[in-house]
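So the sequence shown is numbered by numbering that gives the first Met the number 0: it starts at 0 and just counts up by one. Glycine residues also receive a C-beta, built at the ideal position from the N, C-alpha and C atoms. It should be emphasised that the depicted structure is a prediction, and the values quoted were computed from it without experimental measurement. Below: the structure, in structure tokens.
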Amino acid sequence: MEPGAIRKGELRDNLERLMVQKPNSSWLGISFFPLYKVWLYNLRYEKLRHYTGDSVLPKTTEKPVEFDSLLVRKSSDYMKSYLFNVGYFHPQVSDTFYYKGRKAYAEYSVKTGPHLTIGKIRLNIDDSAIHKIVAGYMGDSHLQEGAPFTMSLLEQERSRIANLVREFGYYRFSQENIVDFSIDTFSTAFMANPADPFESAAAFEQEKAANQNKGDITIVIRKENPDAYSKFLINRVTVYPDFVSRADATDTTMIQSKLGDVIFRYHKKYIKEQVILKHIYLEQGKVYSQSDYDATINKLNQLGVFQTVRIFMNEDTTYRDSASRRLNVFVLLTPASKYDLTANLEVSTGTTYFLGVTPTVSLRDRNLGKGANLFTASVSGGIETFYDQERGENFFDHINVLTKNFGFNTTLDFPKFLVPFKLNTTKKNLPRTVIGFGSSFLDRTNFFTLTNTAANLTYRWRETSTKNWELSPAFINIIKRPATSADFQARLDSNLFLANSYRENFIQGESIGFTFSNQFDNKGKSYSYLRLAVEEAGGIMSLLDNFQISNLQYAQYFKVDFDARRYINRAKSQVAVRFYGGSGFPYGNSPTLPYIKQYFVGGAYSIRGWRIRSLGPGSYYDPKSFTDSVAENSSIYIDRTGDIKLEMNGEYRFDIIQFFSGTIKMTGALFADAGNIWLANRSSNYPSGEFEFKKLGNDIAISTGAGARFNLAGFFIFRIDAAFPVKKPYNPQYDYGGWVLREIDFGNKTW
């Protein structure tokens, strides 16, 4: 395999997919596990044996695959064709098969040979205007000299050139029957000196050695269809905001209005014309542009108020003989339902509680004020209980409430930037303005209650198809602790870090975030994700002398967060790797970060070998945290939080079994998690809890485990993970930097 060519693992997967005859399905994909679909078929043989090749067998069954040697040869032919298409022009594929008992085995030997690389790129275009356009944008070409060649590159280049030419008004320019390519892998050096054939032969051999795996590509565009070389202008634009059927075109009862040069025809006023007009880039008198067409569809779809967006164009024949022909544009919009009500119920259990129930109800108005403004209101509640065997006599007497929470949240999302000045945006920006307000209430039974009232203003926009930005010029949090038990107050009095973390605060700040993701562009292939965010609070407040709200002191801090992920997709599996974390730096009025801004680890979405908020900071150790009885252990109520967090996890996900065309699906996962939290400053209450580079390796906690996911048509998802620690950084009794592989005890709760 040559550098830059398809990875060997990916190539192997693609070749395996081309095998015409495959073995019957086995559980977990492992051959010696039961062939469950064949077993189900045999169980119902008398009923199913009459099914012909045109009949549809139940998805839970499979006929036994009968070996056919002709299909082995056909598979080899498919492999050769595939290798040729991905740039291996001289592949060798051989096959063989043999019998062992009642089973047949087929083997394929594949030698790809050298991978063709792209040589020189040439243009052979009849029309001078088209030639000038294509030549001027060759820097954007998918074909680059020295790059590995694949046939898909030609298709991408064909599409790029067609869209490029259409961008300059050539509406009827078609990639299917105009753009062609010729690939020349034969050197002209042999013909360099026809008078001396020996010298020419020597030159040919030298050229062949230097360019034996290169192919020159010529882009050919013939002027065979004159209609494709005519420029078009936009003539009349008509919009149907509540389109029903073709009869709307001749319906005389429809309301008609005109805004600018755009005609609106509708049954009833579903949305303000001005909102639609701002998102239409096909304007009367402009040269037709493919990007204007695409942007109009994308922008109208992004409004979120239309179920379908379609654009039809036809030529206005009265201008057919003019220098620039003209197009009439019809924008057909089918409204989506205005309201959307959803309900969600999460039920969970864990090591710190017996049962947790969290219901959520959300209502959305997609078109508030007929301005395509999205209003969302949600209400959620939750309760966590623990089971105490020593209390009460019957089952319900043993169940005690651990935590209660309640919250509501509202957002108003505008499809534009709300700013007191004019701001220029491009077709691709998709600007949004989001105003949010909400409040939450947390009750830790017999310890404390905490309220958080929040408001924010956020701007979102897209830089490119892979890059998005989010700017919050102002957010506010008001954190209050209405009730505190005597026991918890005693803990606060003896623990300065805890007291500062749980103190009442007023937070005013700003944040900015950047997100990169090429998942959509790669369309099912491997992809990457990166998010970077910066947040600051208290800077503006420090300019106001002695400013207080309800006697609350304002918080001051600076935070940086990151989240980097890589997803490697295979035929029936996926490898996911994630590295994420952040750091907060309190200053001025704040000796620590406010509680809601601190970091924690553990739980189902973090380091799964520890319960949520029970690990860290650093190698700090509290033996009270590891008693067997939840009722006796009040330490579990005290969240372990920090100013710094680093985490990394890797997960291998694979298909296990599915029924009814994937409606019911079970997948599995093997995973490993590593990381911890730390304090930014030394604390006597948490010895060894501060961050130091020299003890970073010792402070990292590691767990590993396995899990399963049951997905019922996307409506019900049941997830279970089982994880155990393999490296505990906090207990001095563990040697070897906290590695505990020799002490694994699945029957011990505290372990």
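Extent of the continuous alpha helix (DSSP H) run through residue i
i       : result
Asp-672 : Careful: Asp-672 lies outside any alpha helix (DSSP H), inside the beta strand (DSSP E) at 663-677.
Gly-770 : Not covered by the structure: residue 770. The range shown for the chain is 0 to 750.
Asn-697 : 695-698
Tyr-169 : Unbroken run through Tyr-169: none, as it is neither H nor E.
Ser-68  : 68-84
Ala-294 : 289-301
Ala-498 : 495-500
Lys-7   : 7-16
Cβ-based burial, residue i [other Cβ within 10 Å; buried from 16]
i       : result
Met-137 : exposed
Ile-743 : exposed
Arg-72  : exposed
Phe-505 : buried
Ala-294 : buried
Ala-200 : Because Ala-200 carries a pLDDT of 45, less than 50, the predicted location of this residue cannot be relied on, and the following value inherits that uncertainty. So Ala-200 counts as exposed.
Pro-585 : buried
Val-753 : No information on residue 753 is available, as it lies outside the stretch 0 to 750 that the chain covers here.
His-89  : exposed
Phe-329 : buried
Asp-76  : exposed
Arg-325 : buried
Val-418 : exposed
Val-243 : exposed
Pro-472 : exposed
Leu-753 : Lying outside 0 to 750, the shown extent of the chain, residue 753 is not represented and no answer is given.
Ser-165 : A quick correction: the sequence has Arg, not Ser, at residue 165. So Arg-165 ends up on the buried side.
Phe-690 : buried
Tyr-553 : buried
Glu-15  : exposed
Lys-421 : exposed
Gly-581 : buried
Ala-246 : exposed
Nearest neighbour of residue i, chosen from the options [CA to CA]
i       : options                            : result
Phe-578 : Asp-672, Glu-383, Tyr-169, Asp-315 : Asp-672
Thr-444 : Arg-459, Asn-568, Lys-403, Phe-496 : Lys-403
Gln-255 : Ile-270, Arg-245, Tyr-239          : Tyr-239
Gly-704 : Lys-694, Arg-431, Gly-649, Phe-692 : Gly-649
Thr-384 : Ala-376, Asp-364, Thr-357, Tyr-594 : Thr-357
Asn-327 : Leu-232, Ile-275, Asp-241, Leu-470 : Leu-232
Asn-408 : Phe-416, Gly-381, Phe-436          : Phe-436
Gly-168 : Ala-227, Ser-439, Gln-573, Lys-415 : Ala-227
Gly-617 : Tyr-651, Ser-527, Phe-405, Phe-692 : Phe-692
Tyr-386 : Ser-379, Ala-376, Val-400          : Val-400
Bridge partner(s) assigned by DSSP for residue i
i       : result
Gln-91  : Lys-110
Arg-121 : Thr-217
Gly-617 : Answer by DSSP bridge pairing: none, since Gly-617 is not bridged.
Gln-255 : Arg-264
Asp-339 : Arg-363
Asn-648 : Arg-577, Asp-672
Trp-609 : Its beta-bridge partners do not exist; DSSP assigns none.
Ile-701 : Ala-673, Lys-726
Arg-459 : Arg-431, Glu-469
Lys-403 : Ile-382, Asp-442
Arg-324 : Phe-231
Phe-515 : Lys-466, Leu-529
Lys-222 : Answer by DSSP bridge pairing: none, since Lys-222 is not bridged.
Leu-354 : Thr-384
Ala-105 : Phe-96
Asp-654 : Thr-666
Terminal residues of the beta strand (DSSP E) in which residue i lies
i       : result
Ala-536 : 526-536
Glu-753 : Not covered by the structure: residue 753. The range shown for the chain is 0 to 750.
Lys-726 : 715-726
Asn-234 : 231-239
Ile-275 : Where Ile-275 is concerned, there is no enclosing beta strand (DSSP E), although the alpha helix (DSSP H) it sits in stretches over 272-276.
Ala-563 : 556-568
Ile-182 : 178-183
### Query
Should the segment 143-162 be called in touch with the segment 307-321, which here means at least 3 C-beta pairs below 8 Å?
The segment 143-162 vs the segment 307-321: no contact.
### Query
Pairing CB atoms from the segment 318-334 with CB atoms from the segment 298-307, are three or more of them under 8 Å?
Taking 8 Å as the limit for Cβ pairs, the verdict is that the segment 298-307 does touch the segment 318-334.
### Query
Counting pairs of beta carbons, one from the segment 71-88 and one from the segment 100-116, are three or more of them closer than 8 Å?
yes
### Message
Does the contact criterion of 3 or more C-beta pairs under 8 Å hold for the segment 456-475 versus the segment 601-616?
### Response
no
### Query
Touching or not, the segment 470-489 and the segment 517-524, by the rule of three or more beta carbon pairs under 8 Å?
Result no; under three Cβ-Cβ pairs closer than 8 Å.
### Task
Would you check if there are 3 or more beta carbon pairs closer than 8 Å linking the segment 246-264 to the segment 213-228?
Taking a cut-off of 8 Å for Cβ pairs, the segment 246-264 and the segment 213-228 do not touch, as fewer than three such pairs fall below it.
### Task
Would you check if there are 3 or more beta carbon pairs closer than 8 Å linking the segment 553-569 to the segment 527-543?
yes
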